[in-house]
Every structure is written in structure tokens, then in C-alpha cells.
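Engineer:
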């Protein structure tokens, strides 16, 4: 099933979005066994994203090949030490103290980290991220920290059935990305998961994070 799902997705996902930017598929591997992750990599997945530090640690040496490693979950500052130097892109830089601690630890270790600023585009209490109106100021402040490079923006759309509203929010994220990308040399706008990735790419996303579409429904009994 995994191999078929990857093949289907790679055939459906456009190589480039409407802005001419390469679209990157990140496989969200939360609760997946290393064996199944390796099956996805062998089928063509080049980027994998973890949500939990413990899972990242447990499976790190069991992953075959050299996929780009993403951390896409909410990160506690005291867990940074387990990821430093092993993660290619942190998607969820959602608050100042996290960016400051990542910068501090990276500078001490001589390691520069690539991050995406998370924006709470739906203004949801249950999600982290900078308010849309504060994102530009946050970007300016965090970009001055040592051992950090802001590579773009990330957002999670609300879990609602209103396609028009979801599209409006994705377009709004693209507008913010376009406003900041030249000044900060952005590369990635990470929006889109298994339920909304198509509309996100249409709106200008160039990085999507898919788990269920690759591995099927998660088995939360594995936790």
C-alpha cells in the first residue's frame, strides 16, 4: 500500500506550483515504524518529517538512505539538544524563546539551523505560531539571531470543511510569503496536509507535509 500511495502522490503532485517553484513532499512519519518509513523512501520519498523528539531519536539510526530530515512538530526548548545538527529544516519555530534557544545552542556548537516561522493563520487557540499581524516583526527580530537562517514560513490550516475559507487563508499566507521572501531570501512556504494539499499548492505552497496519504490512518495505540 505504501509504495502504491507514494507512486500515486508523486504522479499527482505537480513538479512546480503556479509561481514556478519546485514542490517538495515531506512524508510526515509520526507513529510510523522505521520499516514502513524505509519502504516510503525506497518508493521515492526524499524528505521525512518527525513530530516527536523521542521518535526521532529512537528511529534515527534505522532510517535507510539519506533523506532530508525535517522536524514538523512543536518543539520544547529542552529537547533541542537531541536534534541539533541532525535536522535539515525546523518547520515550527512558533515563538521567540524557541528561536533564541536554538540560536544559543547552535552558536555554542558551531551549528547553523534552518527554520521556518510558524504563523497561526487561523488564529486558533489550539495551535502555536505567531499572529499573522506580528509575523513580519518576528521575522525581523529572529533574522538577527546568530546560527539561525529563516528559510520561509509554515502554517496549518484549520480543520474545517469551508473550501473557500481555507483557500482564502492559504492565499493570505502566500501574500505574506511574497512580501518577505526577497528581503530574507525565503525558499519555502510549507502549507498543506493530507486533507488540503491540493488547494494549498494552487494557492502557492511549495512544500506539503503528508502522512495519512502515504501511510494510511495512524494507529494511535502505538503511542
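In the numbering used here, the protein residues as written are 184 to 406. Glycine included, each C-beta is placed from N, C-alpha and C at the ideal position.
Based on Cα-Cα distance, which residue from 280, 289, 187 lies nearest to residue 264?
Structural biologist: With distances taken between Cα atoms, residue 264 lies closest to 289.
Engineer: With DSSP as the reference, label residue 298 as helix, strand or coil.
Structural biologist: Looking at residue 298 - three-state DSSP - the assignment turns out to be strand.
Engineer: What three-state label does DSSP hand residue 333 in the structure shown?
Structural biologist: The answer is strand: DSSP assigns residue 333 an E or B state.
Engineer: Do you know how far the Cα of residue 337 is from the Cα of residue 195?
Structural biologist: Looking at the two C-alpha atoms, the distance is approximately 22 Å.
Engineer: Starting from the N-terminal side, write out each stretch of the alpha helix (DSSP H) that is 4 residues or longer and does not extend beyond the region 196–242.
Structural biologist: Within the region 196–242, the complete alpha helix (DSSP H) runs of at least 4 residues are 217–226, 236–242.
Engineer: CA-CA distance, residue 185 and residue 224?
Structural biologist: Taking the straight line joining both Cα atoms gives about 10 Å.
Engineer: Taking the beta carbon of residue 259 as the centre, do at least 16 other beta carbons fall within 10 Å, making it buried, or is it exposed?
Structural biologist: Result: exposed.
Engineer: Please go through the region 262–314 and give each complete alpha helix (DSSP H) segment of 4 or more residues, from N-terminal end onward.
Structural biologist: Qualifying alpha helix (DSSP H) stretches, in chain order: 279–292.
Engineer: For residue 190, which residues in the same chain have their Cβ closer than 8 Å to its Cβ, ignoring the five residues on either side in sequence?
Structural biologist: Closer than 8 Å at Cβ, skipping near neighbours: 226, 227.
Engineer: Residue 237: buried (16+ other C-beta within 10 angstroms of its C-beta) or exposed?
Structural biologist: The residue in question, residue 237, is exposed, as its Cβ has fewer than 16 Cβ neighbours within 10 Å.
Engineer: Could you check how far apart the C-beta atoms of residue 183 and residue 200 are, in whole angstroms? I think they sit under 8 Å.
Structural biologist: Nothing in the structure corresponds to residue 183, since the chain is present only between 184 and 406.
Engineer: Between the C-alpha atoms of residue 244 and residue 347, what's the straight-line distance to the nearest angstrom?
Structural biologist: Between residue 244 and residue 347, the C-alpha separation is close to 43 Å.
Engineer: So what does DSSP say about residue 184, is it helix, strand or coil?
Structural biologist: Three-state DSSP puts residue 184 in coil, outside helix and strand.
Engineer: How far does the beta strand (DSSP E) with residue 254 in it reach, from first residue to last?
Structural biologist: Taken as a continuous stretch (DSSP letters only), the beta strand (DSSP E) holding residue 254 covers 251–254.
Engineer: Do you know how far the Cα of residue 324 is from the Cα of residue 340?
Structural biologist: Computed Cα separation, rounded: 25 Å.
Engineer: In or out: residue 327 buried (at least 16 other Cβ within 10 Å) or exposed?
Structural biologist: Exposed is the call here.
Engineer: In this structure, does DSSP put residue 373 in helix, strand or coil?
Structural biologist: Strand.
Engineer: Keeping to the same chain, check which residues put their C-beta closer than 7 Å to that of residue 271; ignore five residues upstream and five downstream.
Structural biologist: Within the same chain, residue 271 has close Cβ partners 251, 252, 253, 297.
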